[in-house]
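Peer 1: Dropping a structure here in C-alpha cells format, bear with me for questions.
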Amino acid sequence: ETGVTQTPRHLVMGMTNKKSLKCEQHLGHNAMYWYKQSAKKPLELMFVYNFKEQTENNSVPSRFSPECPNSSHLFLHLHTLQPEDSALYLCASSQDEEPGELFFGEGSRLTVL
Amino acid sequence: GQNIDQPTEMTATEGAIVQINCTYQTSGFNGLFWYQQHAGEAPTFLSYNVLDGLEEKGRFSSFLSRSKGYSYLLLKELQMKDSASYLCAVRDGDYKLSFGAGTTVTVRA
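Residue numbers (the working numbering), protein chains in the order written: chain A, 1119 to 1231; chain U, 61 to 169.
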C-alpha cells in the first residue's frame, strides 16, 4: 500500500485509440508528477503539477495531455500514440514541488500496437 | 542535462555485501536519493544524503562525497528479497530531480 494508486495497471491500445491513465494520492501532498520508465533508461520526468497548476512540461509531445482537477487526482490522456511510447508510466507525489521524498504508484504498463 | 551513472547489473550471494556506485555531474547540488524498485512494483525511498559522509539505516547505508560527485549504496547481509533495481537520483541547483538508469541486483542462494 503505497498511498498512490494508479489505474489501469496494464493497457494495450492501437495507435488511433484514445485512453486515459488515472492517478490518485491519499497522502495530502501538494505536488504530483508523471514519469516515463523505459527498459534500461533513466526515469524521464514528463509533467509536474503543484497545487493543481502545471509547473513543468518536459518537452512532452502533445499526444500526451495531462489533467489535474484537484491536488489528489492526476490524469494522463493518450491520443494517437506511437509504438515507441510503450513504457511504464509512473505517477508520484511529494509534499511540495521541491521534491524531497517522492511517493510512487506502481505504474501503468502501456503497450502501443 | 544532468549525467548520472551507475552500473547496469550486479550479482551477489545471500549473506554477502554489495556496493552500488553512483557518479553524477550536475549544475549545483541539493541532495542525492536512493530508491529501491522490485519488478512490477513502485520505487520506494531508501535514503537521502545532502552532506558528505555515511548515513546508516539498518542493513542499508549510503555514502556521499560532494567534491567527487560520488555516492554509493551499501547493502549488507544480503537477503533474497533484496533482489531489485536500485535507482540513484540527484537534485540539482534548481531542485530538479534526475534519475540514473538503475542497477539491477540479483541475489543468489
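Even for Gly, the Cβ is constructed at its ideal location relative to N, Cα and C. Because the structure is a prediction, the values reported are computed rather than measured.
(1) Can you tell me where the beta strand (DSSP E) with L106 of chain U in it begins and where it stops?
(2) Is it right to say K170 of chain U is buried, meaning 16 or more other beta carbons lie within 10 angstroms of its own, or is it exposed?
(3) Report buried or exposed for K1136 of chain A, applying the criterion of at least 16 other Cβ atoms within 10 angstroms of its Cβ.
(4) Strictly under 8 Å for the Cβ-Cβ distance: is E116 of chain U near chain A by that measure?
(5) Quick check: the region 101–110 of chain U against the region 76–86 of chain U, are there 3 or more CB pairs under 8 Å?
(6) Is Q1143 of chain A buried or exposed, if buried means 16 or more other CB atoms sit within 10 Å of its CB?
(7) For A1149 of chain A, count neighbouring C-beta atoms within 10 Å of its own C-beta (all shown protein chains included) and say buried if the count is 16 or more, exposed if not.
(8) Name the DSSP bridge partner or partners of H1197 of chain A?
(9) Within 10 Å of its beta-carbon, does M1164 of chain A have 16 or more other beta-carbons around it, so buried, or fewer, so exposed?
(10) Under the assumption that Y1207 of chain A contacts S1177 of chain A (Cβ atoms under 8 Å), give the Cβ distance between them as a whole number of angstroms.
(11) Quick one: which chain A residues come within Cβ less than 7 Å of G172 of chain U?
(12) Output yes or no for whether 8 Å exceeds the beta carbon distance between R119 of chain U and L135 of chain U.
(13) Quick one: grab the DSSP three-state call for K141 of chain U.
(14) Closest Cβ-Cβ distance between G1223 of chain A and chain U: below 8 Å?
(15) Determine whether the beta carbon atoms of S127 of chain U and K117 of chain U lie at a separation below 8 Å.
(16) In terms of residue numbering, what span does the beta strand (DSSP E) encompassing G113 of chain U cover?
(17) Could you pull the start and end residues of the beta strand (DSSP E) that Y95 of chain U belongs to?
(18) Apart from the five residues on each side of it in sequence, which residues of its chain come closer than 6 Å, Cβ to Cβ, to N109 of chain U?
Peer 2: According to the structure shown:
(1) Unbroken beta strand (DSSP E) run through L106 of chain U: 104–109.
(2) It is not possible to answer for residue 170 of chain U, since the shown part of chain U is limited to 61 through 169.
(3) That one is exposed.
(4) No, E116 of chain U lies away from the interface with chain A (no Cβ there is under 8 Å from its Cβ).
(5) By the Cβ test, the region 101–110 of chain U is not in contact with the region 76–86 of chain U, since fewer than three Cβ pairs between them sit closer than 8 Å.
(6) Q1143 of chain A should be labelled buried.
(7) Per the 10 Å Cβ criterion, buried.
(8) Paired residue(s): A:K1136.
(9) Within a 10 Å sphere around the beta-carbon of M1164 of chain A sit 16 or more other beta-carbons, which makes this residue buried.
(10) Not quite, the Cβ-Cβ distance comes to about 16 Å (not below 8 Å), so this is no contact.
(11) Residue 172 of chain U lies beyond the residue range present for chain U, which begins at 61 and ends at 169; the question has no answer from this structure.
(12) A contact, by the Cβ cut-off of 8 Å.
(13) Helix, per DSSP.
(14) Interface with chain U (8 Å Cβ-Cβ cutoff): G1223 of chain A is included.
(15) No. Outside cutoff.
(16) Residues 113–117.
(17) According to the DSSP assignment, Y95 of chain U belongs to the beta strand (DSSP E) that extends over 92–97.
(18) Once the five neighbours on either side are set aside, the close Cβ partners of N109 of chain U are L92, E115, S122, L124.
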